Amino acid sequence: MTSALPVLITGATGKQGGATARRLLTEGHRVRALVRDTDSPAARALAALGAELAVGDFDDPASLRAATTGTRAVFLVPPADYSAKGWGEDTEARRGIAMIDAARATGVEQIVFTGVATMGAAESWGQQGKRQIEEALAAVGLRYTVLRPVRFMENYLLHDSPVDGIREGGEHRHLFPADRPLQMIAVDDIAAFAALAFADPDTWHARILELAGEAITPVEAAATISAAIGHPIHYREVTEDEADAIGPQLGNTWRLIRETGGWHADLPALRSLHPGLTSLRDWLARGGTQRILERIGAQAPAN
26 MTSALPVLIT GATGKQGGAT ARRLLTEGHR VRALVRDTDS PAARALAALG AELAVGDFDD
86 PASLRAATTG TRAVFLVPPA DYSAKGWGED TEARRGIAMI DAARATGVEQ IVFTGVATMG
146 AAESWGQQGK RQIEEALAAV GLRYTVLRPV RFMENYLLHD SPVDGIREGG EHRHLFPADR
206 PLQMIAVDDI AAFAALAFAD PDTWHARILE LAGEAITPVE AAATISAAIG HPIHYREVTE
266 DEADAIGPQL GNTWRLIRET GGWHADLPAL RSLHPGLTSL RDWLARGGTQ RILERIGAQA
326 PAN
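In the working numbering, the protein residues as written are 26 to 328.
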């Protein structure tokens, strides 16, 4: 592996890609960030940290080949089109496989792909396209690692989502049972595992990891957030009928969670690889509290 060459980060202006780009830059790796617009605030911020910017589009294979040329590895998080009514899995798979093909054609030696954690059949929310990408990775002949994260802690900041985020009145509503531990992860921890893989591609070759950093019931999580921000947050478990009314995939996932028990990442094993796994309290203390306050348009109590 030629470590002097850069790592191409896709999704560099998004959550996972941005966190991974910043982590690698902090650790002294060269980074090339795939962006659509070099003048966007997020792109400029990465450039200011030392990233090289490459303009590209997952729907333009020639631009992907240009972006991967002269890189040693790719962090792959292809864009997906989704809504409550469905997930654009065919489009997501096509885009991911296009990047794999570009990487192979230009001599890239390693790909780290981030998908989604499993809780059962591939027909559950958002899994099918990602599984096609994983199959293509396993067949391409490059070193590869698959990361499968659970729900992001950053999802408490979502706007206008049919589930998740914090709504008016302090309500956090979701599909998950109120009294069962819900696994979650901070995006910075996804970046930490990606950095481990990029630093040791032989050891991490063909490794598939379900990623989580915390397991806490939604009710306990709401109480933890309430204590941190000084405002009441309460959890409401969406009913099966409500989930079906939002969209068929959400209804199917509501049932799958209860049939399978949800996600099953091995937290002790993950902590042995990355001792600094982020708890919800950690995430809140490291900026999550202020971001939630800004999200709900509130201020922390004076005392």
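Where a beta carbon is used, it is the ideal one built from N, C-alpha and C, also for glycine.
Bear in mind that the values here come from a model prediction, so they are computed numbers and not experimental data.
Cβ of residue i less than 8 Å from any chain D Cβ?
i      : result
LEU281 : No chain D appears in this structure, which consists of one protein chain only.
Taking all protein chains shown into account, do 16 or more other C-beta atoms lie within 10 angstroms of the C-beta of residue i, making it buried, or fewer, making it exposed?
i      : result
LEU74  : exposed
GLY340 : Residue 340 falls outside the range modelled here, since the chain spans only 26 to 328, and no answer is possible.
HIS54  : buried
HIS197 : buried
GLN208 : buried
ASP266 : exposed
ARG296 : exposed
PRO66  : exposed
LEU31  : It is worth fixing the name first, because residue 31 is Pro in this sequence and not Leu. PRO31 comes out buried.
ALA92  : buried
GLY154 : buried
ALA252 : exposed
THR38  : buried
LEU305 : buried
ALA217 : buried
THR228 : exposed
Starting from the C-beta of residue i, find all residues in its chain whose C-beta is less than 6 Å away, skip the five residues before and the five after it, and write them out in chain order.
i      : result
GLY276 : ALA268, ASP269
VAL102 : THR35, GLY36, GLN41, GLY42, THR139
LEU50  : VAL56, LEU74, GLY75
ASP213 : ALA44
ALA127 : LEU89, ARG90, THR93
VAL171 : PHE138, GLU159, ILE233
ILE254 : THR314, ILE317, LEU318
ARG176 : MET209
VAL99  : LEU33, ALA128, VAL133, ILE136
GLU235 : ALA142, ARG173, ALA290
GLY145 : LEU281, THR285
ASP189 : ASN180, LEU183, HIS199
ILE250 : ILE258
To the nearest angstrom, report how far apart residue i and residue j are at their CA atoms.
i      : j      : result
ALA211 : PHE201 : 18 Å
ALA199 : GLY95  : In the sequence under discussion, the amino acid at residue 199 is His, which differs from the Ala named in the question. Going from the Cα of HIS199 to the Cα of GLY95 covers about 44 Å.
GLY42  : ARG280 : 31 Å
THR264 : GLU284 : 15 Å
GLU52  : GLU77  : 16 Å
ASP204 : ALA294 : 24 Å
VAL60  : PHE83  : 10 Å
ARG156 : ILE282 : 19 Å
ARG119 : GLN324 : 44 Å
ALA248 : ALA142 : 25 Å
LEU183 : GLU245 : 19 Å
ARG47  : LEU221 : 14 Å
HIS289 : GLU134 : 30 Å
ALA231 : GLU179 : 28 Å
PRO326 : ALA310 : 16 Å
ALA240 : ARG168 : 31 Å
HIS299 : PRO206 : 21 Å
LEU162 : ASP225 : 18 Å
Which partner residues of residue i appear in the DSSP bridge assignment?
i      : result
MET209 : ARG176, GLU239
HIS197 : TYR260
LEU33  : ARG57, VAL99
Helix, strand or coil, according to DSSP, for residue i in the structure here?
i      : result
THR139 : strand
ALA76  : coil
ARG283 : helix
LEU302 : coil
THR228 : coil
LEU59  : strand
PHE223 : helix
ILE233 : strand
VAL83  : Per the sequence shown, the amino acid found at residue 83 is Phe instead of Val. Three-state result, PHE83: coil.
ARG168 : strand
THR45  : helix
ASP307 : helix
ALA203 : coil
MET124 : helix
ILE191 : coil
ALA323 : coil
Between which residues of its own chain and residue i is the CB-CB distance below 7 Å, once the five residues before and five after are set aside?
i      : result
ILE191 : TYR181, HIS197, ILE258, ILE317, ARG320, ILE321
THR27  : Interpretation of THR27 is limited by its pLDDT of 46, a score under 50 that renders its predicted location unreliable; the figure taken from the coordinates is listed afterwards. Cβ neighbours of THR27 beyond the five flanking positions: ARG97.
ALA123 : PHE83, PRO86, LEU89
TRP308 : MET178, ALA211
ALA164 : none
Can you find the residues in the same chain that come closer than 8 Å, C-beta to C-beta, to residue i, ignoring five residues on each side of it along the sequence?
i      : result
ARG69  : THR63
ALA333 : In the structure displayed, the chain extends from 26 to 328; residue 333 sits before or after that span and is not available.
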